[in-house]
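Participant: Per this note's numbering, the sequence shown starts with residue 1, numbered consecutively.
Got a structure here, written out as structure tokens. Questions coming.
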Amino acid sequence: MKVIEYCVDEKATCRLAANLGLLFKKNGLAGICIFLKGDLGAGKTTFTRYLLKSLGHVGNVKSPTYTLVEPYDLLGLNVYHFDLYRLADPEELEFMGIRDYFNTKSASLIEWPERGGDLLPQADFVIDIKYKDEGREYTIEAFTDTAKSYLNDFQR
Ligand code: ADP
Ligand code: MG
């Protein structure tokens, strides 16, 4: 199951992220893993920023390009925003104790999951972003039963 949405500008992306955020506020975010795919500059961090804001984050959302991960405390959960672009070797994830990040009291958003190898959990949602005309095309695909039931509920 997937939702494809053309976002002509950042405002439209903000709206899309907020609509997904609504589903998490309503149905829960615990244990959810979201992969964000797309070329550099496609809009992975931008989408994450708006999603975190819709979940109640106030203030800056730093891109975790250099730190690999930035933690947030939202909806009573540890929400982790990863950017694995600079990961040289998936083994680095072992060193940072990657497994401890994924549990029933956390949720994660992962940019460049392709670089994480098989140390990452299965994604509930994969958000794929493509440049299209002057905007971006966001495809949100559900891969688990939980994610599918959420997307069933998706309101534009
Ligand atoms: P990524 O994390 O995928 O490398 P960023 O989110 O950091 O990309 O950057 C996306 C850039 O594209 C930002 O400068 C943003 O303002 C711009 N942009 C233009 N149109 C859109 C859109 N519709 N949705 C998201 N970002 C957009
Ligand atoms: Mg980014």
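Glycine residues also receive a C-beta, built at the ideal position from the N, C-alpha and C atoms.
#1: Taking buried to mean at least 16 other C-beta atoms within 10 Å of its own C-beta, is ARG86 buried or exposed?
#2: Is there contact between the region 139-147 and the region 63-70, where contact requires at least three CB pairs shorter than 8 angstroms?
#3: Using a 10 Å radius around the Cβ and a threshold of 16 neighbouring Cβ atoms, would you call ILE129 buried or exposed?
#4: Per the contact definition of three or more C-beta pairs closer than 8 angstroms, is the region 92-110 in contact with the region 10-22?
#5: So LYS44 packs on GLU111, CB below 8 angstroms; how close in whole Å?
#6: So, with DSSP's three-state summary, where would you put ASN103?
#7: Which complete alpha helix (DSSP H) runs does the region 57-103 hold, if anything under 4 residues is left out?
#8: I'd like to know whether the C-beta atoms of ASP118 and ILE32 end up nearer to each other than 8 angstroms.
#9: Out of GLU10, LEU151, LEU77 and PRO121, which one is the CA nearest neighbour of LEU29?
#10: Tell me whether THR45, by its Cβ, gets closer than 7 angstroms to a heavy atom of ligand 2.
#11: Any heavy atom of ligand 1 closer than 7 angstroms to the Cβ of GLU111?
#12: When every heavy atom of ligand 1 is checked, does at least one fall within less than 7 angstroms of the C-beta of ASP128?
#13: So what does DSSP say about THR48, is it helix, strand or coil?
#14: Going by the C-beta, is GLU114 closer than 7 angstroms to any heavy atom of ligand 1?
#15: Nearer than 7 angstroms: is that true of the beta carbon of TYR50 relative to any heavy atom of ligand 3?
Facilitator: In brief:
#1: With fewer than 16 other Cβ atoms within 10 Å, it is exposed.
#2: no
#3: buried
#4: no
#5: Taking a contact as a CB-CB distance under 8 angstroms, the pair LYS44 and GLU111 counts as one, their CB atoms being some 5 angstroms apart.
#6: Annotated three-state conformation of ASN103 is coil, per DSSP.
#7: 91-95
#8: no
#9: LEU77
#10: yes
#11: yes
#12: no
#13: helix
#14: no
#15: Annotation note on ligand 3: not contained in the displayed structure, which lists ligand 1 and ligand 2 as its ligands.
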